[in-house]
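Read through the structure below, which is laid out as structure tokens, and then see the notes.
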Amino acid sequence: GWWMFNRSAPPVVPVAPAIPVVARSSEADRLVTRAYAHFEKMNYTRANLAAAEDLTRKATEIASDSTRAWAARAYVQSCFILRGWDVSEKRRQDAQDFANRALALDPNVTEAMLALAYVLINQNAHAQAEVVLRRARALRADDPRLRLALSGAIGRQGRTEEAMRIGQETVK
2 GWWMFNRSAP
12 PVVPVAPAIP
22 VVARSSEADR
32 LVTRAYAHFE
42 KMNYTRANLA
52 AAEDLTRKAT
62 EIASDSTRAW
72 AARAYVQSCF
82 ILRGWDVSEK
92 RRQDAQDFAN
102 RALALDPNVT
112 EAMLALAYVL
122 INQNAHAQAE
132 VVLRRARALR
142 ADDPRLRLAL
152 SGAIGRQGRT
162 EEAMRIGQET
172 VK
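Throughout, my numbering is defined as the position within the sequence shown, counted from one, plus 1.
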């Protein structure tokens, strides 16, 4: 029939131009760099961390395939736990989920491993944290955060001499 020819055409919906992957990745990297600037120093505040949390969330929204953005987002979540500012189940689950997402993209991203280790330590899973931290340290032996966390995880298992030895390496 005639009805096929007398129907109105579907409305034309303008489509926003797609942002190239490189531009999304660059913007996400800029956001992550800005996030780290909020808490690179030891005396960062909860407000600094909240600002970093917002920036890393935006980075993962812009570039959901960015290992760096997911690892940073996991690390920010784990810093809330590390400082004792928020040790809720949701915070732990978010840190773990974001770390696992980063590790699924790149199994060698040490920032995500450190975030995961902080969650495990908070849950008193020190032996599991030790395994994660030894792997991370094998990839990045020069990161003092990894050595300190490993020293703590070993010490909490009652191996104080080994923990002290690893902890002293950090001071050197």
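Backbone N, C-alpha and C define an ideal beta-carbon position, used for all residues, glycine too.
Could you tell me which of the options sits nearest to residue i, measuring between CA atoms?
{"i": "Ile63", "options": "Ala29, Phe81, Glu170, Ser79", "result": "Ala29"}
{"i": "Gln169", "options": "Gly159, Gln158, Arg146", "result": "Arg146"}
{"i": "His127", "options": "Phe81, Asp55, Ser152", "result": "Ser152"}
{"i": "Ala53", "options": "Ala100, Phe40, Asn44", "result": "Phe40"}
{"i": "Asn109", "options": "Asn125, Val133, Ser65", "result": "Val133"}
{"i": "Ser65", "options": "Leu140, Ser27, Asp144, Asp143", "result": "Ser27"}
{"i": "Ala100", "options": "Ala137, Arg84, Gly85", "result": "Ala137"}
Just verifying my parser: in three-state terms, what is the DSSP assignment at residue i?
{"i": "Tyr119", "result": "helix"}
{"i": "Asn44", "result": "coil"}
{"i": "Asp55", "result": "helix"}
{"i": "His127", "result": "helix"}
{"i": "Asp87", "result": "coil"}
{"i": "Ala64", "result": "coil"}
{"i": "Gly159", "result": "coil"}
{"i": "Ala142", "result": "coil"}
{"i": "Asn49", "result": "helix"}
{"i": "Val110", "result": "coil"}
If you drop the 5 nearest sequence neighbours on each side, which residues of the same chain put their C-beta closer than 6 Å to that of residue i?
{"i": "Leu121", "result": "Gln129, Ala130"}
{"i": "Glu112", "result": "Ala72, Tyr76"}
{"i": "Arg157", "result": "His127"}
{"i": "Ala164", "result": "Ser152, Ile155, Gly156"}
{"i": "Ala96", "result": "Ala75, Gln78, Ser79, Ala116, Val120"}
{"i": "Ala10", "result": "For Ala10, the predicted structure reports a pLDDT of 46, less than 50, and the residue's modelled location is therefore unreliable. The matter cannot be settled from this model."}
{"i": "Leu140", "result": "Asn109, Thr111"}
{"i": "Leu106", "result": "Thr68"}
Note down, in chain order, each residue of its chain lying with its Cβ closer than 7 Å to the Cβ of residue i, except the 5 sequence neighbours on either side.
{"i": "Arg35", "result": "Leu56"}
{"i": "Val22", "result": "Residue placement at Val22 cannot be trusted, given a pLDDT of 49 that sits under 50; the coordinates are not used to answer."}
{"i": "Ile167", "result": "Arg148, Leu151, Ser152, Ile155"}
{"i": "Arg102", "result": "Trp71"}
{"i": "Phe81", "result": "Leu50, Asp87, Arg92"}
{"i": "Asn123", "result": "Ile82, Val88, Arg93"}
{"i": "Asp144", "result": "Thr111"}
Starting from the C-beta of residue i, find all residues in its chain whose C-beta is less than 8 Å away, skip the five residues before and the five after it, and write them out in chain order.
{"i": "Ala135", "result": "Looking at the sequence shown, residue 135 is not Ala but Arg. Counting only Cβ-Cβ distances below 8 Å, and skipping sequence neighbours, we find Leu151."}
{"i": "Leu32", "result": "Leu56, Thr57, Lys59, Ala60, Ile63, Ala70"}
query: Taking one C-beta from the region 87-95 and one from the region 106-117 each time, how about it: are there three or more such pairs within less than 8 Å?
result: no
message: Taking 8 Å as the cut-off, does the region 49-62 touch the region 72-88 (at least 3 CB pairs, one atom from each stretch)?
response: yes
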